[in-house]
Amino acid sequence: MDDATQTVLVPLSTIDQTGFGSCGLTLGYVLDSVNNATLEAAAKRVVDKWRLLSGRLEWEPIVGTWAIRVPINGEVSSRVKFTVSKLDTPLDSSILPVDKTSTEILVRPSLKFFRHSSTPHTLRSYSSSNTPLVAIHITELTNCTCVGISVPHGVFDASGLGQIVHALHAELHAMPWSPPPFYEKNIVRETLNKLFKDALDSTEPPTALAGFRREFVVMGVSSLIYLGASMAYEHLWHKVETKAVYLGEKVVEKMVKKVKDELKQSGKGWISTGDILAAWVLKGVKRPALTLFDHVQTAYIAETDGNTVCATSAISIRNTLCSIDPAFKDYPRMLFFIQVDTYQPFSSYRTDNCMMVCSCPPLSKEQIASSSLAELALVHRQTVDAVRNIRFIEEYHRRVGTVDRDVIRRRGRDSWMFTNQVVGQLDAIDFGSGSQTLALWIWSVPFFPDHTVVLNKFKGGYMIQAGIRGSRWQAIADEIEKIKHR
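Position one of the sequence shown corresponds to residue -7 (the working numbering), numbered consecutively onward.
Shown next as structure tokens:
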């Protein structure tokens, strides 16, 4: 601690700075109304109590890492970036009433309604501009109000962002809460450094990382150019659009029961709701009039640009790291099973990134078409379970475990990326004053790559946000219409 300035330096881990350090997150809510002054005051109270949020990003050249310089005392209300704009225009396509039986497709609104143009996204730009870690932007439209909360992804993952949401909820409703305490030592950083050293000393061949190496390469000029060209091809030729499917609670319950019953009869294993929904999107549902959620044909069959489909998932490694350091039992798993009317105090969780990416085995479009949802969901579950071990983490960080060493899709791979953010409970906020939340969106800034699928809970059901080809959206729209008319 620096006695002169009363600050403490909180280092970031290599995960925070590998890939995540070059992008930001914006969480957007569409509301019927909001009290701007009340929200701003609540945000300032959150930052005052949770001092990490008032910190400033600094580069530590001696140890070669980014860190947060956190003030221990003093006035910090200016460390929230709060902006408001007003536009004489409505927002229509992103507002649909939903309930337990709803099946709807929503069009994602423009990011400008939720994120001020001056908000940076990289750790470096946050540092150089001395921008607060938390930015709230409100846009008042003629028929609704948009509220966006933006943070650097190199400091918070979506679940860490969820902690900020929960703190705001508590302050808006005068509920007691306790922020996560300071950790002057970053146990993720220390544990990964140990694993990185072990991996360098290991003589075993890196077989566990074969799937990851098949899909990703360390980013360079040529691979970055290819990604840009690939995204342009997807958007211009295949008309990629980012929308969301809302599946109501009852709809999902029916789907999950049928798929799990099928798997139970086969005795092949266990799958989660997230596995099933990932399979549902991957399948690109399109079929003749059979019974709901049965064996289906897919949109892939009409495509001619390659036959292989690859899928990857971002997964948490906190539980796996418990076998190395028991302190991870109290580390930020970001599990806040709270309800708006039954808030529970914060635990001692931290908020930074603790995840890695795994790759499913490549599947042909014919395999996807002929497989049931249960079979595809099981492939995803088996992939996740197979990499939640120390050996994989060691090899993963031998490959990408250095600061600013980003990875990128390998050329020629049609890779999907699934991220399940349900654990963050991003919908667990009531903005007060009788306001109602009409929609929930999330952005990765500066861009949301094609074939990225993000899963969140919303009003008891699920919001599946995805950037996929127009033909695949049409296939899903056809399925949605069939569900509606049954």
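Note that beta-carbon positions come from the ideal geometry of N, C-alpha and C, so glycine has one too. Computed from a predicted structure; not experimentally measured.
Sequence-distant residues of the same chain with beta carbon closer than 6 Å to residue i, five excluded per side
| i | result |
| --- | --- |
| residue 248 | 265, 268 |
| residue 334 | Note that residue 334 scores 35 on pLDDT, short of 50, meaning its location in the model is unreliable; the coordinates nonetheless yield the value given after this. Nothing meets the Cβ criterion. |
| residue 424 | 164 |
| residue 270 | 372, 410 |
| residue 428 | 24 |
| residue 407 | 207, 302, 304, 401 |
| residue 108 | 75, 129 |
| residue 285 | Note that residue 285 scores 47 on pLDDT, short of 50, meaning its location in the model is unreliable; the coordinates nonetheless yield the value given after this. Around residue 285: 247, 250. |
| residue 339 | For residue 339, the pLDDT reaches just 36, beneath the cut-off of 50, and the residue's location in the model is therefore unreliable, although a value from the coordinates is still provided. Correct list: empty, nothing qualifies. |
| residue 281 | In this predicted model, residue 281 has a pLDDT of only 36, less than 50, meaning its place in the structure is not dependable; the value taken from the coordinates is given anyway. Excluding sequence neighbours, residue 281 sits near nothing in its chain. |
Buried or exposed by the 16-neighbour rule on C-beta atoms within 10 Å, applied to residue i
| i | result |
| --- | --- |
| residue 226 | buried |
| residue 464 | buried |
| residue 477 | exposed |
| residue 412 | buried |
| residue 231 | exposed |
| residue 65 | exposed |
| residue 419 | buried |
| residue 262 | exposed |
| residue 168 | exposed |
| residue 55 | exposed |
| residue 358 | exposed |
| residue 13 | buried |
| residue 210 | exposed |
| residue 385 | buried |
| residue 120 | exposed |
| residue 52 | exposed |
| residue 256 | exposed |
| residue 491 | Given that the chain is displayed from residue -7 to residue 478, the structure contains no residue 491 and the question cannot be resolved. |
Spatial neighbours of residue i in its chain, beta-carbon cut-off 8 Å, leaving aside the 5 residues before and after
| i | result |
| --- | --- |
| residue 352 | 203, 302, 303, 304, 305, 371, 372, 375 |
| residue 440 | 234, 459 |
| residue 472 | 95, 96, 97, 237 |
| residue 283 | Low local confidence applies: a pLDDT of 42 at residue 283 is under 50, so the model's placement there is unreliable, with the coordinate-based value given in what follows. Closer than 8 Å at Cβ, skipping near neighbours: no residue. |
Span of the beta strand (DSSP E) around residue i
| i | result |
| --- | --- |
| residue 129 | 126 to 132 |
| residue 347 | 347 to 351 |
| residue 448 | 444 to 450 |
| residue 210 | 208 to 210 |
| residue 64 | Residue 64 -> no beta strand (DSSP E), and no H or E assigned at all. |
| residue 19 | 16 to 23 |
| residue 44 | That residue, residue 44, is in no beta strand (DSSP E); it is neither H nor E in DSSP. |
| residue 1 | -1 to 3 |
Check: residue i C-beta below 7 Å from any heavy atom of the ligand MN
| i | result |
| --- | --- |
| residue 149 | As for the ligand MN, it is missing from this structure, which has no ligand bound. |
DSSP bridge partner residues for residue i (one or two, in chain order)
| i | result |
| --- | --- |
| residue 303 | 408 |
| residue 50 | 59 |
| residue 233 | 460 |
| residue 73 | 127 |
| residue 401 | 208 |
| residue 435 | 18 |
| residue 101 | Residue 101 pairs with nothing; no bridge assigned. |
| residue 356 | 300 |
| residue 141 | 19, 128 |
| residue 453 | 450 |
| residue 308 | 347 |
| residue 225 | Looking at the DSSP assignment, residue 225 forms no beta bridge with any residue, so it has no partner. |
| residue 239 | 95, 454 |
Best match in the options for proximity to residue i [C-alpha to C-alpha]
| i | options | result |
| --- | --- | --- |
| residue 421 | 156, 246, 460 | 156 |
| residue 241 | 185, 93, 299 | 93 |
| residue 133 | 83, 21, 313 | 83 |
| residue 36 | 161, 261, 360, 443 | 161 |
| residue 437 | 67, 143, 455 | 143 |
| residue 185 | 228, 389, 56, 418 | 389 |
| residue 139 | 20, 314, 205, 347 | 20 |
| residue 228 | 474, 38, 462 | 462 |
| residue 70 | 34, 260, 158, 387 | 34 |
| residue 312 | 475, 391, 383 | 383 |
| residue 454 | 273, 354, 379 | 273 |
| residue 16 | 44, 31, 72, 113 | 113 |
| residue 63 | 53, 43, 79, 77 | 43 |
| residue 28 | 41, 40, 78 | 78 |
| residue 355 | 3, 299, 260 | 299 |
Cβ-based neighbour list, residue i, same chain, cut-off 7 Å, excluding 5 preceding and 5 following
| i | result |
| --- | --- |
| residue 61 | -1, 1, 47, 48, 50 |
| residue 469 | 97 |
| residue 87 | 22, 136, 430, 431 |
| residue 446 | 411, 413, 434, 457 |
| residue 254 | 364, 366 |
| residue 80 | 134 |
| residue 122 | 48 |
Residue range of the unbroken alpha helix (DSSP H) whose run includes residue i
| i | result |
| --- | --- |
| residue 88 | That residue, residue 88, is in no alpha helix (DSSP H); it is neither H nor E in DSSP. |
| residue 93 | Here residue 93 belongs to no alpha helix (DSSP H), and DSSP marks it neither H nor E. |
| residue 81 | That residue, residue 81, is in no alpha helix (DSSP H); it is neither H nor E in DSSP. |
| residue 421 | Counting along the chain, residue 421 falls outside any alpha helix (DSSP H), and DSSP gives it neither H nor E. |
| residue 481 | In the structure displayed, the chain extends from -7 to 478; residue 481 sits before or after that span and is not available. |
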